[in-house]
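Taken in order, these protein sequences are the chains called R and C. Quick note: the first sequence uses our numbering, first residue 944, plus one each step. Quick note: the second sequence uses our numbering, first residue 111, plus one each step. Don't be surprised by glycine CBs; every beta carbon is placed ideally from N, CA and C. Since this is a predicted model, take the numbers as computed values, not measurements. Encoded as C-alpha cells, the structure appears first; notes follow it.
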Amino acid sequence: MSNHENSIYSKALVFSVLAAVTVLIGTIVTVFLPMFTSGMHPKTENLTTYTALQLAGKDIYMSEGCVNCHTQTVRPLKADVLRYGDFSKAGEFAYDRPFLWGSKRTGPDLARIGGKYPDEWHIQHFENPQAFYPKSNMPKYPWLKTKKLNPADIKAHMDTNGFPYTEEEMAALADQTQLDALVAYMQVIGASVAKKEAIVVDPANVEQANPMGSSPEAVAMGQAIFKAECAGCHGQNAEGNIGASIVDYAQAGNADADTYVTVANGFEGAMPSYAAKLSKDKIWSVVSYINSLKQ
Amino acid sequence: MNNEFHYDYKTVQGFVLSAIFWGVIGLVIGLLISAQLWDANLNFGEYFSYGRLRTLHTNVLAYGLGIGAEFGLFYYIVMRLTKRPLVLPKLARFHLWLFNAGMVLATLSLFIGMNQSLEYAEFEWPIDIAIVILWVLFAINVLGNVFTRKEKNMYVSLWYVIATIITVAILYIVNNLAIPSTLFKSYSVFAGVNSANVEWWYGHNAVGFLFTTPILAMFYYFLPKSTGLPIYSHRLSIISFWSLIFAYLWTGAHHLVYTPLPDWIQTLGIAFTLFLIAPSWGSVVNGYFTVDRDWSKMRTQYLTKFFIVGITFYGLQTIQGPSQGIRVISSLIHYTDWVPGHVHMGTMGWVTMVICASVYYMIPAMYKTTIYSEKIANTHFWLVLVGQLMFSITMWITGIQQGAMLKMTAADGTLQYTFMETLVRNYPYWQMRTVAGIIFVVGMLFFVYNVLMTIKKGNDLAKQAA
C-alpha cells in the first residue's frame, strides 16, 4: 500500500469532492439538462386542468396506492394498443404532479379507462370488483362512498396546482363523497386524446347469418364468455343491471349482424368494444348465446 | 477497550435491534400482501388493504430494516476504520432515537394514506424533512470521524460509505422537491414526463446507493474480517468503485422503456445499464478471488458461505437487471411479476444475506465472544436461501407466462387472452410465493433469536467480568 500513501484515499475532502462530481455527471446529462428543454414539458392541445372534483379523485387514487397495481401508460406495442387503446403521448401528463405511470400491472392499465364504462360501472366495481370478475383480486372499496370530501383541503390543493375553479364548484363538493371524486377522475384519464380503437368492425363486412349457428357447443362457449366479460353489467342471467336486459333484447328479435356489431364496436361511454379482445368466433358464440335466450 | 468505545457500541447495537424490530414488521406485512394477491378477501378495510400495505411493506423494509441496519453497521465500520470512537456519541444516540420515532410516524403516515405515489419515495413532505435531518445527523457523525481519523488511508469500505452519504442526499432531496399544500399533502415541483425521469433516476439509484454501495461497504469489510483473508486486488477495488458510482447515475431510464420519455434518454439509460455489468462483476470477482486463496473457509468458517452466496446473487442480479433493460426483453417482462422476482433476489439473496452475516460477525466482536449458535446460523442460512430461490424462480416463471399470454394474438389479429385469463394463471405461483415467504421469514426468525441470545451471552459475560 506504500504507493497509495499520498493518494486521494488519504485525503478525505478531495475524495468526497471527486465522488460528488462523479455521480453528478450522469445526473446532469440525463436529468438536470433535459429539464431545460421543451421536450420534457410537452402538452397535448386538448389537455385541460383538473376540476376540483377530478383532482380530489386523483388524490384518493394516490392515497389508496392504486399506482401499486395499475399503470397509466400504454406502450407503442401491438398487444398493448389492442388491449388498451392508443399508445400514450408525452403531452397527456402535463398536469400530473407527479406522473402516475406505475411499474406493475397486477390489474390492467388505466391510461384509456376514461369514457370506457358508464359512471355506474365504476361505482359498482369499486364496491365489489368480484361481482364483475369473480376471480378478480382487486380489494373492495366500500368506505369510499361513506366519506365526504373536504372542500377546504381541496381548495388548497387546487391553489397549489394553480388550477382554475369557481366558488360554486367548491361549494358543491361538500355534498360529494370520495367515490364520486374517484369516479370523476377515472372518467377524465386519457380524455385529452381522441378515442381510437385498434380494430373497428365495418357493418358492411359482417356476415348476415351467424356462422357459429345455434349448436349447444357455440351457446356454451358464448355463455362462458358472457359470464366472464359481460355479466357484471348485464346480469349473471342476462337479466340486466347497468346495461340492458339481454333477455329482453333477445325477445325483441334482432338481426345477428347487428348484435355482432354491437358487441364488437360497443358504444362510447356506455359499453366497451370487444373487436380487439375477442376473436370473430368468440363474438359469434356470444351472439349464439344471446339468441338462445329467446325462448 | 476504553469506555467511550463501549458507549458507542450501545448505539450500534440499538440500531441493529431497531432494524430487527422493523424488519419483522415489514416481513409479516409482506406475507399478508402476498396472500392478498391470491385472495382478495384478505383485504381488511381501509387500513389493511393491499394498496396501503404494499407501500408499507417496501418502505418499512427499505428504511427500517435496510437503512436501520446500515446506520448501525456503518457506525461500527467507521469507528474501526478511523481507529477512534465516534466524535459525537450523544448525537449518534439522538440519531438512534429520532430514527425510531421517525419510523413510527412514517409507518402511521402510510397507514392513513399519506402517499406521494412515487415509488420508494412515498413519504409526504413532513416525513421527508425528518429523513433529511436523520441523514444529516448520520453524515455529521460519519464524516466527523473520517476527517479526524487516526488512520492515514481510507479503506475501500469508507469510499463506499462516503459515496452513499453524498449520493443519497442528492437523490432524496431532488426527487422529493414538492410544494406543500396542507400538512398531509404536497405536489411535486416536477410534472408529467419530467417527473417520470426524475423519479426513476432516483428510484434506480436509491437501489444503487441504499442496496448496493452500502452492502459492498459491508462486504469489503466483513468478508476479510470473517475469513482472515485480505481482499484479492486493491486495483480492482479502485476500478470497480469509480466505474460503478459513475455509471449508476445514467441508468434510471431503463425503468421507462417504451413510455413517452424521449427515446434518447431511454437508449442512453439502456447502454449505461449494460456497461454496469463490468464494475458490478469487478466486486464479484474480487470477492471470489479473495476466498479462492482458501476455499476450505467455506467449510470451516460459517460466515464465508453467507458472503459468497450473497455476492453470487449480486452477480446474478447485475446480469439479470441489465438484460431486463434491453427493449425486447423489457417488452415481455416489464409490468409483470418477473420484476418483483428480480427485486427479491437482490433484497433477500444479497442485501439481507450480507447484512445478517455482518451482524453475526459484529455482535460477538463487540462483546469479545462467539456467536450463540453456529448451528442456528446454518439453519437460518439454508432456510432463507431456499425461501429466496423459491420466491424468485416462481415469480420469473409466472412473469414470463403472463407477459407471453398478454402479448399473444390469434390468427385474425385479435388478442388471444383476456386480462382475467392471464391473471388467474398467476394464482398458483402466487400461492407458492407465499409458502416461499413463510420459509424465508422462519429463517429470519432463527437469525433474530440467534442475535438476541448472543447479546444475552455477551451481557452475562460482562456481568461476570464486573
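Enclosing beta strand (DSSP E) for residue i [first to last residue]
| i | result |
| --- | --- |
| K295(C) | K295 to S298 |
| S291(C) | A288 to T292 |
Contact set between residue i and chain C, taken where Cβ atoms lie within less than 7 angstroms
| i | result |
| --- | --- |
| H1100(R) | S291 and K295 |
| L1221(R) | T524 |
| A962(R) | I272, A273, I276 and I355 |
N-terminal and C-terminal residue of the alpha helix (DSSP H) that residue i is part of
| i | result |
| --- | --- |
| P199(C) | P199 to F221 |
| G302(C) | G302 to L320 |
| C1176(R) | A1174 to H1177 |
| K1032(R) | It is not in any alpha helix (DSSP H) - K1032(R) carries neither H nor E in the DSSP assignment. |
| N285(C) | V266 to N285 |
| G435(C) | Y412 to G435 |
| Q1067(R) | D1062 to E1070 |
| I355(C) | H344 to Y358 |
| G456(C) | Neither: G456(C) is in no alpha helix (DSSP H) and is coded neither H nor E. |
| S1006(R) | A995 to S1006 |
| M1113(R) | E1110 to L1116 |
| V1230(R) | K1223 to S1235 |
| H490(C) | E484 to K517 |
| S959(R) | A955 to T970 |
| F382(C) | D373 to F385 |
| V534(C) | F529 to V534 |
| H167(C) | Y160 to N169 |
Cβ-Cβ separation, residue j to residue i (assumed contact under 8 angstroms), whole Å
| i | j | result |
| --- | --- | --- |
| N153(C) | K1083(R) | 7 angstroms |
| I1233(R) | A1193(R) | 5 angstroms |
| A357(C) | G379(C) | Not quite, the Cβ-Cβ distance comes to about 11 angstroms (not below 8 angstroms), so this is no contact. |
| T987(R) | G1034(R) | 4 angstroms |
| A150(C) | N1080(R) | 5 angstroms |
| L198(C) | G254(C) | 6 angstroms |
| V461(C) | G176(C) | 7 angstroms |
| Y157(C) | A216(C) | Rounded, the Cβ-Cβ distance is 15 angstroms, inconsistent with contact. |
| N105(C) | Y331(C) | As displayed, chain C neither begins before 111 nor continues past 576, which places residue 105(C) out of reach and without an answer. |
| L354(C) | P324(C) | That belief does not hold up - the Cβ atoms of L354(C) and P324(C) are roughly 13 angstroms apart, past 8 angstroms. |
Contact set between residue i and chain R, taken where Cβ atoms lie within less than 7 angstroms
| i | result |
| --- | --- |
| Y368(C) | R1018, P1019 and L1020 |
| K646(C) | Chain C is shown from 111 up to 576; residue 646(C) falls before or after that span and cannot be answered. |
| S298(C) | R1040 and P1041 |
| W352(C) | T965 |
| A520(C) | S1222 |
Distance cut-off 7 angstroms: residue i Cβ against heavy atoms of the ligand ATP
| i | result |
| --- | --- |
| V1204(R) | The model on display carries no ligand, and the ligand ATP is accordingly not part of it. |
Neighbour list for residue i in chain C, Cβ cutoff strictly below 8 angstroms
| i | result |
| --- | --- |
| T973(R) | N307, W311, L359, W360, G362, A363, I375, L378 and G379 |
| Q1166(R) | Chain C residues near Q1166(R): none, gap ~15 angstroms exceeds 8 angstroms. |
| Q1073(R) | A150 |
| F958(R) | M264, W269 and I272 |
| C1173(R) | Near C1173(R) there are no residues of chain C at all, since even the closest Cβ is about 11 angstroms away, more than 8 angstroms. |
| A955(R) | L253, V256, F257, R259, M264 and I272 |
| C1176(R) | Within 8 angstroms Cβ-Cβ: nothing; C1176(R) doesn't reach chain C, min ~15 angstroms. |
| H984(R) | A301, G302, V303 and N304 |
| S1216(R) | The contacting residues do not exist; S1216(R) stays about 11 angstroms from chain C at best. |
Proximal residues of chain R, C-beta to C-beta of residue i below 9 angstroms
| i | result |
| --- | --- |
| L516(C) | A1022, D1023, R1026 and R1048 |
Chain R contact residues for residue i, given Cβ-Cβ distances below 8 angstroms
| i | result |
| --- | --- |
| G161(C) | E1007, G1008, C1009, N1011, C1012 and P1082 |
| E156(C) | W1086 |
Is the segment 494-504 of chain C touching the segment 536-553 of chain C, taking contact as three or more C-beta pairs under 8 angstroms?
By the criterion of at least three beta-carbon pairs nearer than 8 angstroms, the segment 494-504 of chain C is in contact with the segment 536-553 of chain C.
Check whether the segment 1107-1116 of chain R and the segment 556-569 of chain C touch, using three or more Cβ-Cβ pairs below 8 angstroms as the test.
No, they do not touch.
Name, going along the chain, the residues of the segment 243-273 of chain C whose beta-carbon falls closer than 8 angstroms to a beta-carbon of chain R.
For chain R, the residues of the segment 243-273 of chain C that bring a beta carbon within less than 8 angstroms of one of its beta carbons are L253, V256, F257, R259, K262, N263, M264, W269, I272 and A273, in chain order.
Looking at chain C, which residues of the segment 1085-1118 of chain R have a Cβ within less than 8 angstroms of any of its Cβ atoms?
Under the 8 angstroms Cβ criterion, the segment 1085-1118 of chain R contributes W1086, D1096, A1099, H1100, D1102, T1103 and N1104.
Would you check if the segment 195-208 of chain C and the segment 237-251 of chain C touch, i.e. whether three or more CB-CB distances between them fall below 8 angstroms?
Contact between the segment 237-251 of chain C and the segment 195-208 of chain C is established, with three or more Cβ pairs separated by less than 8 angstroms.
Compile a chain-ordered list of the residues in the segment 1042-1058 of chain R whose CB is closer than 9 angstroms to at least one CB of chain C.
Those would be F1042, L1043, W1044, G1045, S1046, K1047, R1048, T1049, G1050, P1051 and D1052, in chain order.
Using a Cβ cut-off of 8 angstroms, which residues of the segment 419-440 of chain C contact any Cβ in chain R, in chain order?
Along the segment 419-440 of chain C, none of the residues has a CB nearer than 8 angstroms to a CB of chain R.
If contact means a Cβ-Cβ distance below 9 angstroms, which residues of the segment 528-539 of chain C contact chain R?
Residues T528, F529, M530, E531, L533, V534, N536 and Y537.
Select from the segment 1025-1042 of chain R all residues with a C-beta closer than 9 angstroms to any C-beta belonging to chain C, and list them in chain order.
Residues L1025, R1026, F1030, S1031, K1032, A1033, G1034, E1035, F1036, A1037, Y1038, D1039, R1040, P1041 and F1042.
So if I threshold CB-CB distances at 8 angstroms, which residues from the segment 480-494 of chain C count as touching chain R?
The residues in question: there are none.
Of all the residues that make up the segment 127-147 of chain C, which are near chain R by a beta-carbon distance shorter than 8 angstroms?
For the segment 127-147 of chain C, the set of positions with a beta-carbon nearer than 8 angstroms to some beta-carbon of chain R reads Q146 and L147 in chain order.
Anything in the segment 217-229 of chain C with a Cβ closer than 8 angstroms to a Cβ of chain R? List those residues in chain order, please.
Residues G223, M224, N225, Q226, S227, L228 and E229.
Contacting positions in the segment 1143-1166 of chain R - beta carbon closer than 8 angstroms to chain C:
Considering only beta carbons, no part of the segment 1143-1166 of chain R lies closer than 8 angstroms to chain C.
Could you say if the segment 1024-1031 of chain R and the segment 1130-1145 of chain R meet the contact criterion of at least three C-beta pairs nearer than 8 angstroms?
Taking 8 angstroms as the limit for Cβ pairs, the verdict is that the segment 1130-1145 of chain R does touch the segment 1024-1031 of chain R.
Contact between the segment 947-966 of chain R and the segment 265-277 of chain C (3+ Cβ pairs under 8 angstroms):
Taking a contact to require three or more Cβ pairs closer than 8 angstroms, the segment 947-966 of chain R and the segment 265-277 of chain C qualify as touching.
Should the segment 172-189 of chain C be regarded as contacting the segment 465-472 of chain C, the criterion being three or more beta carbon pairs within less than 8 angstroms?
The segment 172-189 of chain C is in contact with the segment 465-472 of chain C.
Per the contact definition of three or more C-beta pairs closer than 8 angstroms, is the segment 993-1001 of chain R in contact with the segment 1119-1127 of chain R?
Touching, per the Cβ criterion.
Taking three-plus beta-carbon pairs below 8 angstroms as touching, is the segment 332-344 of chain C in contact with the segment 1062-1072 of chain R?
As far as the Cβ criterion goes, the segment 332-344 of chain C does not touch the segment 1062-1072 of chain R, which means the pair count is below three.
Taking beta-carbon pairs under 7 angstroms, can you tell me which members of the segment 1127-1139 of chain R lie near chain C?
Listed by position along the chain: nothing, the set is empty.
Pull out every residue of the segment 1200-1212 of chain R whose Cβ sits closer than 8 angstroms to any Cβ of chain C, in chain order.
Here the close residues number zero.
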